[in-house]
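Numbering (the numbering used here), first residue to last: 387 to 436. Before any comments, here is the structure.
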């Protein structure tokens with residue numbers, strides 16, 4: 387049984403200094419097979435509703 391999970395736990399969105407909107411970041415992660423995604427925007431929770 388394979389229990390490996392491909393995760394990227396440090397990402398920024400356009401709510402701080404990232405290049406992708408939260409929705410676009412999630413879509414790109416899904417396309418690349420990322421199973422767990424952490425959003426770590428600086429000094430804001432502005433992207434949380436998206």
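Cβ coordinates follow ideal geometry from the N, Cα and C atoms, glycine included. Predicted model only: the values in this text are computed from it and were never measured.
CA-to-CA distance, residue j to residue i, given in whole angstroms
{"i": "residue 431", "j": "residue 422", "result": "19 Å"}
{"i": "residue 416", "j": "residue 406", "result": "14 Å"}
{"i": "residue 434", "j": "residue 418", "result": "22 Å"}
{"i": "residue 414", "j": "residue 390", "result": "20 Å"}
{"i": "residue 409", "j": "residue 388", "result": "29 Å"}
With 16 other Cβ atoms within 10 Å as the buried cut-off, status of residue i
{"i": "residue 395", "result": "exposed"}
Cβ neighbours of residue i in the same chain (closer than 8 Å, five flanking residues each side left out)
{"i": "residue 411", "result": "397, 399, 404, 423 and 425"}
{"i": "residue 429", "result": "402"}
Beta-ladder partner(s) of residue i, from DSSP
{"i": "residue 406", "result": "399"}
{"i": "residue 425", "result": "397"}
Residues near residue i by beta carbon distance below 7 Å, same chain, minus five either side
{"i": "residue 420", "result": "392, 393 and 394"}
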